[in-house]
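Participant: Quick one: the structure is below, questions incoming.
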Amino acid sequence: MNREEIITTINSLLVEEIEIDAGLIKDDALLKEDLGIESLDFVDIVVIVEKHFGYRIKAEEMKNVKTLAQFYDYIESKITA
């Protein structure tokens, strides 16, 4: 899976499963402030992403992930590792 496929998949999951407005989804969007992702939403995202990509997300690795682009980078690094 290449980066473009990762981005498309994550964006689709955010829109369909978390019901985030597609117009808000931009690389530099802040997860909490711009997208309104709260802790319960984040738990849902983790479960959905883990099921879809088959990789377990570790909370301590996500501490510095603030933007959507950083989230894409994180997922890409785990998939291509």
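If you read the sequence shown in our numbering, its first letter stands for residue 27, the second for the next number, and so on. Heads up, the beta-carbon is just placed ideally off N, CA and C, and yes, glycines get one too.
Is it the case that the Cβ atoms of VAL75 and LEU39 are separated by a distance below 8 Å?
Facilitator: yes
Participant: So, do the segment 76 to 89 and the segment 57 to 67 have three or more beta carbon pairs nearer to each other than 8 Å?
Facilitator: no
Participant: Among TYR98, ALA107, GLU102, GLU43, which one has its Cα closest to the Cα of LYS52?
Facilitator: TYR98
Participant: Can you determine whether any heavy atom of the ligand ATP sits closer than 7 Å to the C-beta of ASP67, and answer yes or no?
Facilitator: With respect to the ligand ATP, the structure shown offers nothing to examine, as it has no ligands at all.
Participant: Could you spell out where the alpha helix (DSSP H) holding GLU43 opens and where it closes?
Facilitator: Residues 29 to 43.
Participant: Are PHE79 and ILE101 close, meaning C-beta to C-beta below 8 Å?
Facilitator: yes
Participant: State the Cα-Cα distance for the pair ILE36 and ILE71, rounded to the nearest angstrom.
Facilitator: 9 Å
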